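**Q** Below you will find the structure I want to go over with you.
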Amino acid sequence: MAKIEQLEPTTYLGNINSTDTRQANRLIILANGEMYEYDLSLFDKDRLYFGCDEANCDITIPAGNVVSPVHGKIKMTGSDMYIADMGSTTGTWILENNTYIRMDAKRYYHKNAADMILRIESPDHNTGASVAMIFTNSENKSAWKCVPLQEGITTIGRDPRNTIALDSSSFSRKHAAIKKEYGQYMIADYSSTNGVYVNGERVMGSCQVGEKDLIQIANSLFFILNGQLLYQNAMNGISLSMQNVDKIVGSNKNRKKILDRVFCDIGSNEFVAIIGGSGAGKTTVMNAMSGFDSEITGKIFCNGIDLQKNFNTMKNMIGFVPQQDIIYENLTLKKMLYYTAKMKMPPDTSKSEMLLRITKVLQMVDLEEHAQTYIRKLSGGQKKRASIAVEMLADPGLFFLDEPTSGLDPDTEQSLMHTLAKLSKTEGKTIIMVTHTTQSIHLCDKVIFMGPGGKICYCGAPSEITSYFGKKDLVEVYDELAGNVDSWNRLYLQNYIEEYRQKAQTPQERPTPKKAAKQVSAIKQLGVLTARYFELIWNDKQRLTLLLMQPLLIALLLKVVAKSETFKVFGATQSIMFALSCSGIWIGLFNTIQEICKERPILKREYMGNLRLWTYIISKYIVQGVICLTQATILTTVFLCLMKHAPKKALFMPTPQLEIWVTMFLTIYASAAMGLIVSAVVRNGDRAMAIAPFVLIIQLLFSGVLFELKGMSKKISLVTVSRWAMEGLGNITNLNALDSGIPNQPVQHNDFYNRGLGHLAHTWEILGVVAVICGIISVIMLHNLKKDRR
Numbered sequence: 003m004a005k006i007e008q009l010e011p012t013t014y015l016g017n018i019n020s021t022d023t024r025q026a027n028r029l030i031i032l033a034n035g036e037m038y039e040y041d042l043s044l045f046d047k048d049r050l051y052f053g054c055d056e057a058n059c060d061i062t063i064p065a066g067n068v069v070s071p072v073h074g075k076i077k078m079t080g081s082d083m084y085i086a087d088m089g090s091t092t093g094t095w096i097l098e099n100n101t102y103i104r105m106d107a108k109r110y111y112h113k114n115a116a117d118m119i120l121r122i123e124s125p126d127h128n129t130g131a132s133v134a135m136i137f138t139n140s141e142n143k144s145a146w147k148c149v150p151l152q153e154g155i156t157t158i159g160r161d162p163r164n165t166i167a168l169d170s171s172s173f174s175r176k177h178a179a180i181k182k183e184y185g186q187y188m189i190a191d192y193s194s195t196n197g198v199y200v201n202g203e204r205v206m207g208s209c210q211v212g213e214k215d216l217i218q219i220a221n222s223l224f225f226i227l228n229g230q231l232l233y234q235n236a237m238n239g240i241s242l243s244m245q246n247v248d249k250i251v252g253s254n255k256n257r258k259k260i261l262d263r264v265f266c267d268i269g270s271n272e273f274v275a276i277i278g279g280s281g282a283g284k285t286t287v288m289n290a291m292s293g294f295d296s297e298i299t300g301k302i303f304c305n306g307i308d309l310q311k312n313f314n315t316m317k318n319m320i321g322f323v324p325q326q327d328i329i330y331e332n333l334t335l336k337k338m339l340y341y342t343a344k345m346k347m348p349p350d351t352s353k354s355e356m357l358l359r360i361t362k363v364l365q366m367v368d369l370e371e372h373a374q375t376y377i378r379k380l381s382g383g384q385k386k387r388a389s390i391a392v393e394m395l396a397d398p399g400l401f402f403l404d405e406p407t408s409g410l411d412p413d414t415e416q417s418l419m420h421t422l423a424k425l426s427k428t429e430g431k432t433i434i435m436v437t438h439t440t441q442s443i444h445l446c447d448k449v450i451f452m453g454p455g456g457k458i459c460y461c462g463a464p465s466e467i468t469s470y471f472g473k474k475d476l477v478e479v480y481d482e483l484a485g486n487v488d489s490w491n492r493l494y495l496q497n498y499i500e501e502y503r504q505k506a507q508t509p510q511e512r513p514t515p516k517k518a519a520k521q522v523s524a525i526k527q528l529g530v531l532t533a534r535y536f537e538l539i540w541n542d543k544q545r546l547t548l549l550l551m552q553p554l555l556i557a558l559l560l561k562v563v564a565k566s567e568t569f570k571v572f573g574a575t576q577s578i579m580f581a582l583s584c585s586g587i588w589i590g591l592f593n594t595i596q597e598i599c600k601e602r603p604i605l606k607r608e609y610m611g612n613l614r615l616w617t618y619i620i621s622k623y624i625v626q627g628v629i630c631l632t633q634a635t636i637l638t639t640v641f642l643c644l645m646k647h648a649p650k651k652a653l654f655m656p657t658p659q660l661e662i663w664v665t666m667f668l669t670i671y672a673s674a675a676m677g678l679i680v681s682a683v684v685r686n687g688d689r690a691m692a693i694a695p696f697v698l699i700i701q702l703l704f705s706g707v708l709f710e711l712k713g714m715s716k717k718i719s720l721v722t723v724s725r726w727a728m729e730g731l732g733n734i735t736n737l738n739a740l741d742s743g744i745p746n747q748p749v750q751h752n753d754f755y756n757r758g759l760g761h762l763a764h765t766w767e768i769l770g771v772v773a774v775i776c777g778i779i780s781v782i783m784l785h786n787l788k789k790d791r792r
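Here the sequence shown is numbered in my numbering, starting from 3 and rising by one per residue.
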């Protein structure tokens with residue numbers, strides 16, 4: 003090759019510290035309808051030139067109408083790669099945030115973990131055939147493919163019968179189609195789960211596309227060039243960019259900024275650790291990145307798409323593992339994943355596809371041998387992997403983990419870190435985690451160092467941290483930032499952000515129609531939740547035994563204290579009916595008062611995905627209805643069978659015993675609904691049990707038995723279960739007509755116990771309404787899940 007004058011760049015753009023020594027750099031070129039692919043490592047040179055002049059270029063592009071003789075060059079330093087335009091006639095255009103911008107001559111542009119897409123075309127973008135150049139880290143030679151767009155329709159989706167079939171659960175079975183007619187192209191979204199985006203905007207129905215438009219479906223890119231469709235055959239992770247993100251909490255008088263001008267860029271398939279001292283805003287910045295915290299200012303772009311505007315459709319491509327495990331311990335691992343798959347995967351996914359995906363996910367996290375193991379029997383590290391597997395089911399391109407190594411021993415922690423590093427490279431995931439442990443951060447591609455006050459002070463390779471801060475180890479870096487955070491924050495913004503902002507272009511602010519992601523139908527979701535809850539109850543044999551033994555033991559104890567004149571004398575009958583109603587209230591509360599709070603981390607994660615809170619509560623009502631019915635049957639049957647005497651006359655059912663059974667079922671059921679409110683409000687089981695005595699005392703005080711209800715006390719009693727349970731039981735046993743037990747002294751009449759079918763039906767109706775209202779209140783209270791913090 004003839005000698006070419008070396009044009010050294012004047013400026014490096016992007017993060018020059020981002021490296022990945024474990025991947026090869028490949029170059030894909032599409033020109034004149036042909037696709038060429040090069041493994042750049044095989045050239046064994048640190049500088050490569052590309053252009054149409056075969057004599058002077060290492061890589062020849064056969065498109066002399068738009069490509070200059072020596073168009074540009076590639077510089078390789080270790081595993082880092084930089085691309086520069088050498089003052090070409092037509093220029094080189096680089097894709098930045100869904101917009102092609104012209105590269106400055108003599109400036110190197112860094113190739114990070116994401117694929118870099120370049121175009122070479124005539125200055126007016128209209129004459130001459132375009133050339134596409136793609137720099138990718140993938141070692142897969144079929145990472146990018148090209149198909150000609152014929153007249154007619156080209157379909158895209160998961161189904162093998164599509165023109166372009168992509169095997170990923172992020173794609174719907176029939177996701178989208180491109181129609182070519184008279185040289186024009188239209189793209190249509192077939193009501194897909196994760197949507198179709200053109201230049202960062204969601205396609206609502208269909209729209210026209212051209213050769214300069216970028217099409218994004220799930221984690222894959224598509225674009226048209228010279229009548230052909232070039233697309234990513236292998237799924238990539240999602241790139242992420244934070245631009246001037248702030249978060250302020252507190253009222254006007256006590257406002258506090260907990261994120262302060264955060265800028266950072268994360269490439270696709272990067273494994274990133276967020277570190278920093280306590281209170282530095284690590285989890286806060288991760289919540290902002292993930293889109294789950296909407297109370298921020300600034301912009302967050304995922305693959306150039308505004309995350310905040312499009313969160314409803316993009317959230318299916320985001321995985322999030324909180325610090326607490328998001329798995330049910332009384333299910334086998336495979337069954338847990340199966341129920342989750344039915345909740346998270348696209349509605350058109352078949353059972354065989356779900357099972358195949360579950361098998362693959364278990365292999366990813368090295369848990370395939372534990373598929374039939376109950377989760378409660380797994381070790382701490384295995385449970386963390388199981389939580390990761392839950393989130394991997396939907397094949398997200400962007401994956402967040404909050405303190406995944408917390409509480410793990412060093413060996414298990416390192417093993418988990420190796421698993422995450424492998425997933426980011428072999429499974430096309432961008433993985434971002436918050437961590438306090440730093441012994442394995444060398445496995446990461448990038449580290450984000452947060453300083454006190456939510457200020458970012460470093461974003462780059464882990465190997466460069468100590469030299470950047472001029473310290474010997476990370477302990478000294480922590481100490482330095484604790485006392486000098488503002489200076490390092492300013493230096494970071496100057497060196498890494500300000501110049502980049504001058505160059506990069508932000509997508510234009512255009513109104514984006516809001517449309518929720520296609521979800522699993524409410525009926526199907528309710529069925530999944532109900533089946534899962536039934537299995538959880540059934541598998542917890544100790545708790546199930548306790549739930550069923552409780553009414554049996556209470557019935558026996560009631561028989562012990564019941565007097566012989568029960569159902570004959572007013573005092574004895576009222577006392578035992580009061581004890582019976584209180585027993586039912588306690589049984590119901592005990593059933594559910596810890597039911598929601600104990601699975602709150604799982605519920606929060608599912609709610610931030612696609613869970614409907616009302617289907618969750620109704621599933622609880624269905625299963626608890628069966629349990630309460632069984633308990634009421636045991637309680638009333640055993641108690642009444644042990645009694646020598648029983649009420650003789652029924653109001654409308656075959657026997658009064660059946661009427662007592664219905665009343666007790668409604669009492670237990672309404673009390674269980676009341677317990678769900680407590681469980682929805684508090685965040686842990688200990689607090690819930692601390693509230694239980696207070697709830698019971700209210701029931702005792704306002705039942706109308708211990709104290710006469712007048713004025714305000716009577717109004718309060720209207721919302722208590724005990725008052726209506728006693729009215730129903732007093733009606734059935736006809737308390738007003740019983741003997742007072744005192745000669746020649748009749749029972750003092752009480753309107754609460756008036757006997758009559760209408761009165762009994764009214765008490766049953768009220769107990770049912772109480773149960774419904776409690777359910778509505780529970781749903782409303784659970785909307786505060788978004789505000790939960792660690």
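C-beta: ideal position from N, C-alpha, C; glycine also. Computed from a predicted model, the values in this text were never measured in an experiment.
Ordered along the chain, which non-local residues of its own chain (more than five positions away) have a Cβ less than 8 Å from that of Asp368?
**A** Walking along the sequence shown from the start, residue 368 turns up at place 366. Excluding positions up to five away in sequence, the list reads Arg387, Thr421.
**Q** How is the beta strand (DSSP E) around His112 delimited, first residue to last?
**A** Position 110 of the sequence shown, counted from the start, is the residue given in the question as residue 112. Segment 110-113, the beta strand (DSSP E) holding His112.
**Q** Would you call the region 56-64 and the region 84-96 touching, i.e. three or more CB-CB distances under 8 Å?
**A** no
**Q** If you reduce the DSSP assignment to three classes, tell me which class Phe580 lands in.
**A** The sequence position of residue 580 within the sequence shown is 578, counting from 1. Helix, per DSSP.
**Q** Can you give the Cα-Cα distance for Met345 and Cys630, rounded to whole angstroms?
**A** Here residue 345 refers to the residue found at position 343 of the sequence shown. Here residue 630 refers to the residue found at position 628 of the sequence shown. For Met345 and Cys630, the distance between alpha carbons rounds to 27 Å.
**Q** By Cβ distance, which residues of its chain are closer than 8 Å to Gly212, with the 5 residues on each side in sequence left out?
**A** Against the sequence shown, residue 212 aligns to sequence position 210. The beta carbon of Gly212 sits closer than 8 Å to those of Tyr187, Ile226, all from its chain and outside the five residues before and after it, given in chain order.
**Q** Here's the rule I'm using: 16 or more other beta-carbon atoms within 10 Å means buried, otherwise exposed. How should Gly706 be labelled?
**A** As a first step, residue 706 is located in the sequence shown; it is residue number 704 there, counting from the start. Answer is buried; the Cβ neighbour count reaches 16.
**Q** Apart from the five residues just before and just after Leu358, which ones in its own chain have a Cβ nearer than 8 Å to its Cβ?
**A** Translated into the one-based positions of the sequence shown, residue 358 becomes position 356. No residues qualify anywhere along the chain.
**Q** Closer than 8 Å is the cut-off here; do at least three beta carbon pairs connect the region 576-592 with the region 723-730?
**A** The region 576-592 is in contact with the region 723-730.
**Q** Which residue from Cys776, Ser621, Ile604 puts its Cα closest to that of Ser673?
**A** Within the sequence shown, numbered from 1, the residue matching residue 673 stands at position 671. Among Cys776, Ser621, Ile604, the Cα nearest to that of Ser673 belongs to Cys776.
**Q** Below 8 Å on the Cβ atoms is my guess for Ser174 versus Asp350; work out the distance and round it to an integer in Å.
**A** Residue mapping note: residue 174 aligns to position 172 of the sequence shown, counting from 1. Residue mapping note: residue 350 aligns to position 348 of the sequence shown, counting from 1. Separation of the CB atoms of Ser174 and Asp350 is rounded to 6 Å, and the pair is thereby assigned contact status at 8 Å.
**Q** Taking the straight line between their C-alpha atoms, what separation do you get for Ala682 and Met783?
**A** Position 680 of the sequence shown, counted from the start, is the residue given in the question as residue 682. Position 781 of the sequence shown, counted from the start, is the residue given in the question as residue 783. Those two C-alpha atoms are separated by around 6 Å.
**Q** Please report how far the alpha carbon of Asn19 lies from the alpha carbon of Ala275, in whole angstroms.
**A** Residue numbering aside, residue 19 sits at position 17 when the sequence shown is read from its first letter. Residue numbering aside, residue 275 sits at position 273 when the sequence shown is read from its first letter. In this prediction, Asn19 scores a pLDDT of 35, lower than 50, which makes its location untrustworthy; the coordinate-derived value is nonetheless stated afterwards. Taking the straight line joining both Cα atoms gives about 14 Å.
**Q** Return the first residue and the last residue of the alpha helix (DSSP H) that Ala57 is part of.
**A** Position 55 of the sequence shown holds residue 57. Neither: Ala57 is in no alpha helix (DSSP H) and is coded neither H nor E.
**Q** Taking one C-beta from the region 375-382 and one from the region 287-300 each time, how about it: are there three or more such pairs within less than 8 Å?
**A** no
**Q** If we ignore side chains and look at the alpha-carbon of each, how far apart do Met419 and Leu29 end up?
**A** Taking the first residue of the sequence shown as 1, we reach residue 419 at position 417. Taking the first residue of the sequence shown as 1, we reach residue 29 at position 27. Here the alpha carbons of Leu29 and Met419 stand approximately 30 Å from one another.
**Q** Cβ of Thr315 within 9 Å of Cβ of Asn201?
**A** Against the sequence shown, residue 315 aligns to sequence position 313. Against the sequence shown, residue 201 aligns to sequence position 199. No. Outside cutoff.
**Q** Counting C-beta neighbours from all protein chains within 10 Å, is the total for Pro406 16 or more, i.e. buried, or is it exposed?
**A** Translated into positions along the sequence shown, residue 406 becomes position 404. Per the 10 Å Cβ criterion, buried.
**Q** Indicate the three-state DSSP secondary structure (helix, strand or coil) for Phe754 in the structure shown.
**A** On the sequence shown, position 752 is the one that residue 754 refers to. Reduced to three states, the DSSP call for Phe754 is helix.
**Q** Considering only their Cβ atoms, is the gap separating Lys113 from Asp82 smaller than 9 Å?
**A** Counted from its first residue, the sequence shown places residue 82 at position 80. Counted from its first residue, the sequence shown places residue 113 at position 111. It is a contact, given that the beta carbons lie within the stated cut-off.
**Q** For the beta strand (DSSP E) containing Cys209, name the first residue and the last one.
**A** The count along the sequence shown starts at 1 and reaches residue 209 at position 207. From DSSP, the beta strand (DSSP E) with Cys209 extends over 208-211.
**Q** Taking the alpha-carbon positions, what's the Gly462 to Leu400 distance?
**A** In the sequence shown, counting from the first residue as 1, residue 462 sits at position 460. In the sequence shown, counting from the first residue as 1, residue 400 sits at position 398. Linking Gly462 to Leu400 through their CA atoms gives a straight-line distance of about 19 Å.
**Q** From Glu331 to Thr439, what distance separates their C-alpha atoms?
**A** In the sequence shown, counting from the first residue as 1, residue 331 sits at position 329. In the sequence shown, counting from the first residue as 1, residue 439 sits at position 437. Taking the straight line from one Cα to the other gives about 26 Å.
**Q** Is it the case that the region 537-549 contacts the region 558-577, given that we only count it when at least three CB pairs across the two stretches are under 8 Å?
**A** no
**Q** Ignoring anything shorter than 4 residues or poking outside the region 531-617, list the alpha helix (DSSP H) runs there in chain order.
**A** 543-563, 572-594, 602-611
**Q** Looking at Gly279 and Gln245, is the spacing between their C-beta atoms short of 9 Å?
**A** Numbered from its first residue, the sequence shown carries residue 245 at position 243. Numbered from its first residue, the sequence shown carries residue 279 at position 277. Not a contact, by the Cβ cut-off of 9 Å.
**Q** Which same chain residues, not among the five before or five after Tyr480, have their C-beta less than 7 Å away from its C-beta?
**A** Here residue 480 refers to the residue found at position 478 of the sequence shown. If we look at Tyr480 and ignore the five residues flanking it on each side, its Cβ neighbours are Gly279.
**Q** Out of Lys448, Leu528, Asp327, Ser352, which one is the CA nearest neighbour of Ala391?
**A** Taking the first residue of the sequence shown as position 1, residue 391 is located at position 389. Comparing Cα positions, the closest option is Asp327.
**Q** Glu511: buried (16+ other C-beta within 10 angstroms of its C-beta) or exposed?
**A** As a working note, residue 511 is residue 509 in the sequence shown. Because the pLDDT of Glu511 is 40, which lies under 50, any placement of that residue in the model is unreliable, and the question is left without a value.
**Q** Please go through the same chain and pick out, in chain order, the residues whose beta-carbon is closer than 7 Å to the beta-carbon of Met655, but skip the five residues on each side of it.
**A** Walking along the sequence shown from the start, residue 655 turns up at place 653. Once the five neighbours on either side are set aside, the close Cβ partners of Met655 are Glu661.
**Q** In whole angstroms, what separates the C-alpha of Lys255 from that of Met288?
**A** Position 253 of the sequence shown, counted from the first residue, corresponds to residue 255. Position 286 of the sequence shown, counted from the first residue, corresponds to residue 288. It is roughly 27 Å from the alpha-carbon of Lys255 to the alpha-carbon of Met288.
**Q** Note the first and the last residue of the continuous alpha helix (DSSP H) segment covering Thr138.
**A** To locate residue 138, count along the sequence shown from 1; it is residue 136. Element bounds for Thr138: not the alpha helix (DSSP H) but the beta strand (DSSP E), 133-138.
**Q** Run through DSSP, which three-state label would Asn312 get?
**A** Within the sequence shown, numbered from 1, the residue matching residue 312 stands at position 310. Three-state DSSP puts Asn312 in coil, outside helix and strand.
**Q** If we count the other Cβ atoms within 10 Å of its Cβ and call it buried at 16 or more, is Ile189 buried or exposed?
**A** Position 187 of the sequence shown, counting from 1, holds the residue named residue 189. Buried, by the Cβ-count rule.
**Q** Determine, using beta carbons only, whether Leu333 and Met579 come nearer to each other than 9 Å.
**A** Translated into the one-based positions of the sequence shown, residue 333 becomes position 331. Translated into the one-based positions of the sequence shown, residue 579 becomes position 577. No, Cβ-Cβ distance for Leu333 and Met579 is not below 9 Å.
**Q** Tell me whether Cys630 sits in a helix, a strand or coil according to DSSP, three-state version.
**A** The residue you call residue 630 lines up with position 628 of the sequence shown. Note: Cys630 maps to helix in three-state DSSP.
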